[in-house]
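Q:
There are 2 protein chains.
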Amino acid sequence: MATISEIAKRAGVGTTTVSRYLNHHPYISAEKKAKIEAAIIALDYTPSAIATQLRHQTTNNIGVLVSRITNPFFTALFDALERQLHNYGYQVMVMQTYDDEHSERAFLNQIKNKQMDGLILASVENPASVLQVAQEFPKRIVLLNENIADPNIRAIVLNHYQATLDGLNYLHARGCRRIAYATGGDFSQKGHGQERNNAYRDFLAQQHLPENPDWIFQQQHTIADGQHLAQQLQALPKDRRPDAIFTNSDEIAMGLIGALMKAGIRVPEDIAVMGYDDQPMAAYLEVPLTTIHQPIEEMAQAAVYQLLTCLGQTLTDPKPDLTLKLVPRSSA
Amino acid sequence: MATISEIAKRAGVGTTTVSRYLNHHPYISAEKKAKIEAAIIALDYTPSAIATQLRHQTTNNIGVLVSRITNPFFTALFDALERQLHNYGYQVMVMQTYDDEHSERAFLNQIKNKQMDGLILASVENPASVLQVAQEFPKRIVLLNENIADPNIRAIVLNHYQATLDGLNYLHARGCRRIAYATGGDFSQKGHGQERNNAYRDFLAQQHLPENPDWIFQQQHTIADGQHLAQQLQALPKDRRPDAIFTNSDEIAMGLIGALMKAGIRVPEDIAVMGYDDQPMAAYLEVPLTTIHQPIEEMAQAAVYQLLTCLGQTLTDPKPDLTLKLVPRSSA
DNA sequence: TGTATTTATGAAATCGATTCCACATCGATC
DNA sequence: GATCGATGTGGAATCGATTTCATAAATACA
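Chains as they are written, first to last, in my numbering: chain A, 1 to 332; chain B, 1 to 332.
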């Protein structure tokens, strides 16, 4: 592959002039311009992006961290991020943690080794290691839908506490009093999903309902988890089963409802099921999901704006509306 | 950020020795090793990936091209590719064409400017430009589920002709004689989906059924397209409506079925609907989809094996089973 | 006419790693 | 005691672009 100095030699000019041509600098004579153009075509020359990156100390690469890209919520979020960043001339890399701290750490390291100009973290597995890297490079990292209590770290935060409360109150208004809860994280620990957990606890307290450990399900993520959850519910004696369940993802709700129906349990008559995310297919299921809508496009906008302005670009703030909204359908 | 020469200076050694340390070369004295280690920790040093890339002339980045990542089939395919490539130490970049030739060309160029070591193309918009770049870098490009008639270009090819024929014969065996067809591409042109189109044509000929232009729908991709398709079907006079439709993606089928049901048209009684891909939620829909299953994990294995062996790695051939299989459920 | 500014150009330094080459030391072998 | 191979080390060249600096001609301005 040809290099800039071969072009320079062939065109009978210096490398400086070729570089100027490539970067649309003024002050090049039409004559040399033509010669350079010819040489570039003749040698089928394309500048090496890596060399430019080394010199410029930027890569135009942005990394996006999600737990699983196959979760349709993350798919849609990633899609929105990719489209928007691509518009600004960035290449986007995804990395999936699959809930593994070690992968996350490897990913964060790419900001240190300068492989990526910035990171958008839509899943955080290990807040401590994120915190450490983020403090070192606060301008290069944006948290999306995650939060770490540090004023230096930029984060796009939505009110999941309120949304969860809204969902639970919706169930309550429909007469449900035995409300189970399924979370993607850990119910007792801090961190991921903590606000939603708090909302569940506070709701129970407000309504003077007891917290029943049989009705709390942790580490639930996939359709398969939802199916398994159905078995666990069925395993409970009939008089100790919940009459509703608030899940933290449409995927769980989807697997759960499918398995319940197969077992002859009616949704929402026997058990009302609420999803979360409002994934694209939520409206098309056997039982269309009642769920919490996340404003994905707006979230992506906010994150991209935050990151790129920190990286030195001047954009107009889109000021997106980041409210979470309950979407009533049939499942609850 | 510290550089290798700062480390060398602080440790009182040459940069060569530091580099040797970083790359686990033998022939370093324990004494210097310790000094280097100390310096690296003291200065919080991480080697610049870009500098290494420039020197090595490889990036360890692989690009994956899809039309839309939000198509669950591509999501799953990308997920499989990402996981496998990541296991081999590669970073993966996605690019979406959104059916735009210009984007595709920009993406292909990244192989020329050395941003990526290899590309896996799971969508091809413009065969001509792909062909050109692929001929120049035949070892760096693998087509997945696409084909270009050039023996030098590696491609993972599945028998979509047979699968489509199987699907159509399935519909025929169930008594359908008025079978419509929806494709993601262009029915008349060569290229994307051509084999499936041929199968449809051949099927009609074999069964002595006429080709009805009202029953052929092109450029159908999304759920929304499927919904719109439902309107078009309803717009036909009742006696000229099809009794079945073979779609080229579960998403179309999903949107279509949802809209048909809403309009009081029964599936499969009034119209049988076949999907394609067997996307994860296909089994959970209001009407579970009868569809063609694509062996995604195996396809990804095959593509990764092809690409990485061409890039010089020695892997054992997974010899995956790439057969497409019809999955009967309720929609047809 | 003389000075300042704009236009135009290229050699060489630079980004931060790896690697070629030259050289030194050590123990083993004949 | 000379020779050979293994071990250990660092200076300088290299990857391919950009940018600094020096320089010079052409033009504008007084």
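Positions of the beta carbon are idealized from the N, C-alpha and C atoms, including for glycine.
Chain B partners of A/Asp79, CB-CB under 7 Å?
A: To locate residue 79 of chain A, count along the first sequence from 1; it is residue 79. The contacting residues are Ile69 and Thr70.
Q: Identify which residue in B/Asn159, B/Asp214, B/Gln53 and B/Tyr305 has its Cα closest to the Cα of B/Gly193.
A: The residue labelled residue 193 of chain B in the question sits at position 193 within the second sequence. Minimum Cα-Cα distance from B/Gly193 among the listed residues B/Asn159, B/Asp214, B/Gln53 and B/Tyr305 corresponds to B/Asn159.
Q: Can you name the residues that DSSP bridges to B/Asp277?
A: Counted from its first residue, the second sequence places residue 277 of chain B at position 277. Per DSSP, B/His293.
Q: Just the Cα atoms here: how many angstroms apart are B/Ala253 and B/Arg174?
A: For the purposes of this step, residue 253 of chain B is taken as the residue at position 253 of the second sequence. For the purposes of this step, residue 174 of chain B is taken as the residue at position 174 of the second sequence. In a straight line, the C-alpha of B/Ala253 is about 18 Å away from that of B/Arg174.
Q: If contacts are defined as beta-carbon pairs under 8 Å, then A/Ser123 and A/Ser67 qualify, I think. What distance do you get, rounded to the angstrom?
A: Along the first sequence, read from residue 1 onward, the residue named residue 123 of chain A stands at position 123. Along the first sequence, read from residue 1 onward, the residue named residue 67 of chain A stands at position 67. Indeed they touch by this definition, with Cβ atoms about 4 Å apart.
Q: Is there a Cβ from chain B that is less than 8 Å from the Cβ of A/Gly258?
A: Reading the first sequence from its first residue, position 258 is the one you call residue 258 of chain A. Taking Cβ atoms only, chain B reaches closer than 8 Å to A/Gly258, which makes this a yes.
Q: By DSSP's criteria, B/Tyr181 is part of a beta bridge. Which residues make up the other side?
A: Translated into positions along the second sequence, residue 181 of chain B becomes position 181. DSSP output for B/Tyr181 lists B/Ile216 and B/Phe246 as bridge partner(s).
Q: Just reading off the beta strand (DSSP E) that B/Leu121 is part of, what are its end residues?
A: By one-based count along the second sequence, residue 121 of chain B stands at place 121. Taken as a continuous stretch (DSSP letters only), the beta strand (DSSP E) holding B/Leu121 covers Gly118 to Leu121.
Q: Starting from A/Leu143, follow its DSSP beta bridges and name the residues at the other end.
A: Taking the first residue of the first sequence as 1, we reach residue 143 of chain A at position 143. A/Leu121 and A/Ala155.
Q: Apart from the five residues on each side of it in sequence, which residues of its chain come closer than 6 Å, Cβ to Cβ, to B/Cys334?
A: Chain B is shown only over 1 to 332; residue 334 of chain B falls outside these bounds and no answer can be derived.
Q: What first and last residue would you give for the beta strand (DSSP E) that runs through A/Gly63?
A: Along the first sequence, read from residue 1 onward, the residue named residue 63 of chain A stands at position 63. According to the DSSP assignment, A/Gly63 belongs to the beta strand (DSSP E) that extends over Asn61 to Val66.
Q: Hey, A/Leu324 and A/His293: beta-carbon distance below 8 Å or not?
A: Position 324 of the first sequence holds residue 324 of chain A. Position 293 of the first sequence holds residue 293 of chain A. Cβ distance < 8 Å, so A/Leu324 and A/His293 count as in contact.
Q: Could you list which residues in chain B have their beta carbon closer than 9 Å to that of A/Val92, in chain order?
A: Position 92 of the first sequence, counted from the first residue, corresponds to residue 92 of chain A. Here the neighbours are Met93, Val94 and Met95.
Q: Listing by chain order, which chain B residues have their CB less than 8 Å from the CB of A/Thr59?
A: Counted from its first residue, the first sequence places residue 59 of chain A at position 59. Those are Ile50, listed as they occur along chain B.
Q: Where do the N-terminal and C-terminal ends of the alpha helix (DSSP H) with A/Val287 fall, by residue?
A: Position 287 of the first sequence holds residue 287 of chain A. From DSSP, A/Val287 is part of no alpha helix (DSSP H); its letter is neither H nor E.
Q: Let's test the definition: count the other Cβ atoms within 10 Å of the Cβ of A/Lys114 and tell me whether it reaches 16, buried, or not, exposed.
A: Locating residue 114 of chain A in the first sequence gives position 114, where the first residue counts as 1. Burial call: buried.
Q: Please confirm whether A/Ala76 has its beta-carbon closer than 8 Å to some beta-carbon of chain B.
A: Against the first sequence, residue 76 of chain A aligns to sequence position 76. Interface residue, yes.
Q: Measuring only the C-alpha atoms, how far is B/Ala163 from A/Tyr284?
A: Working through the second sequence from its first residue, we reach residue 163 of chain B at position 163. Working through the first sequence from its first residue, we reach residue 284 of chain A at position 284. Using only the alpha carbons, I get a separation of about 26 Å.
Q: Out of curiosity, what's the CA-to-CA distance linking B/Tyr45 and B/Ala2?
A: Here residue 45 of chain B refers to the residue found at position 45 when the second sequence is read from its first residue. Here residue 2 of chain B refers to the residue found at position 2 when the second sequence is read from its first residue. Looking at the two C-alpha atoms, the distance is approximately 6 Å.
Q: Would you say B/Ile141 and B/Ile111 are within 8 Å of each other, going by their C-beta atoms?
A: By one-based count along the second sequence, residue 141 of chain B stands at place 141. By one-based count along the second sequence, residue 111 of chain B stands at place 111. Annotated as proximal: B/Ile141 and B/Ile111, with beta-carbon spacing under 8 Å.
Q: With a cut-off of 8 Å, do at least 3 Cβ pairs link the stretch 247-262 of chain B to the stretch 273-283 of chain B?
A: yes
Q: Can you find a C-beta in chain A that's less than 8 Å from the C-beta of B/Glu104?
A: Here residue 104 of chain B corresponds to residue number 104 of the second sequence, with the count starting at 1. Output row for B/Glu104: interface = no.
Q: In angstroms with no decimal places, state the Cα-to-Cα distance between B/Gly244 and A/Phe203.
A: Taking the first residue of the second sequence as 1, we reach residue 244 of chain B at position 244. Taking the first residue of the first sequence as 1, we reach residue 203 of chain A at position 203. Rather than Gly, the amino acid found at residue 244 of chain B in this sequence is Ala. Going by the C-alpha atoms only, they are around 50 Å apart.
Q: What's the gap between the Cα of A/Arg329 and the Cα of A/Asp270?
A: Within the first sequence, numbered from 1, the residue matching residue 329 of chain A stands at position 329. Within the first sequence, numbered from 1, the residue matching residue 270 of chain A stands at position 270. Between A/Arg329 and A/Asp270, the C-alpha separation is close to 16 Å.
Q: Counting only the same chain and skipping the five closest in sequence on each side, list residues whose C-beta sits under 8 Å from that of B/Ala224.
A: On the second sequence, position 224 is the one that residue 224 of chain B refers to. Same-chain partners within the cutoff: Gly255.
Q: Which stretch, first to last residue, makes up the beta strand (DSSP E) that contains A/Val94?
A: Along the first sequence, one-based indexing puts residue 94 of chain A at 94. Taken as a continuous stretch (DSSP letters only), the beta strand (DSSP E) holding A/Val94 covers Gln91 to Gln96.
Q: Is B/Thr16 close to the ligand ZN? I mean its beta-carbon at under 7 Å from any heavy atom of the ligand.
A: For the structure depicted, the ligand ZN is absent and the ligand set is empty, with no information on it obtainable.
Q: Got a sec? Which residues, its chain only, sit under 7 Å from B/Tyr21 by beta carbon, not counting five neighbours each side?
A: The sequence position of residue 21 of chain B within the second sequence is 21, counting from 1. The residues Ile28, Lys33 and Ile36, in chain order, have a CB closer than 7 Å to that of B/Tyr21 in the same chain once the five nearest residues on each side in sequence are set aside.
Q: If contact is defined by three or more beta carbon pairs under 8 Å, each pair taking one atom from either stretch, is the stretch 6-14 of chain B in contact with the stretch 8-25 of chain A?
A: no
Q: Are A/Val64 and A/Phe73 close, meaning C-beta to C-beta below 8 Å?
A: In the first sequence, the residue the question calls residue 64 of chain A occupies position 64. In the first sequence, the residue the question calls residue 73 of chain A occupies position 73. No, the Cβ-Cβ distance between A/Val64 and A/Phe73 is not below 8 Å.
Q: Rounding to the nearest angstrom, what Cα-Cα distance links A/Ala272 and B/Pro237 in this structure?
A: Walking along the first sequence from the start, residue 272 of chain A turns up at place 272. Walking along the second sequence from the start, residue 237 of chain B turns up at place 237. Roughly 41 Å separates the two Cα atoms.
Q: Starting from the Cα of B/Val92, find the closest Cα among B/Asp100, B/Tyr98 and B/Leu81 and give me that residue.
A: If you number the second sequence from 1, residue 92 of chain B lands on position 92. Of the candidates B/Asp100, B/Tyr98 and B/Leu81, the one whose C-alpha sits nearest the C-alpha of B/Val92 is B/Leu81.
Q: By the DSSP assignment, the alpha helix (DSSP H) with B/Lys32 in it spans what residues?
A: Sequence index remark: in the second sequence, residue 32 of chain B carries index 32 (1-based). Boundaries of the alpha helix (DSSP H) harbouring B/Lys32: Ala30 to Leu43, taken from the DSSP string.
Q: Candidates A/Leu307, A/Asp150, A/Glu146 and A/Arg201: which alpha carbon is nearest A/Leu168's?
A: Residue mapping note: residue 168 of chain A aligns to position 168 of the first sequence, counting from 1. For A/Leu168, the nearest C-alpha among the options comes from A/Arg201.
Q: Mind checking A/Asn145: buried by the 16 CB within 10 Å criterion, or exposed?
A: Residue 145 of chain A sits at position 145 when you count from the first residue of the first sequence. The residue is buried, with at least 16 neighbouring Cβ atoms inside 10 Å.
Q: What in chain B is Cβ-close to A/Leu285, meaning under 8 Å?
A: Here residue 285 of chain A corresponds to residue number 285 of the first sequence, with the count starting at 1. Near A/Leu285 (Cβ distances below 8 Å), the residues of chain B are Met281, Tyr284, Leu285 and Glu286.
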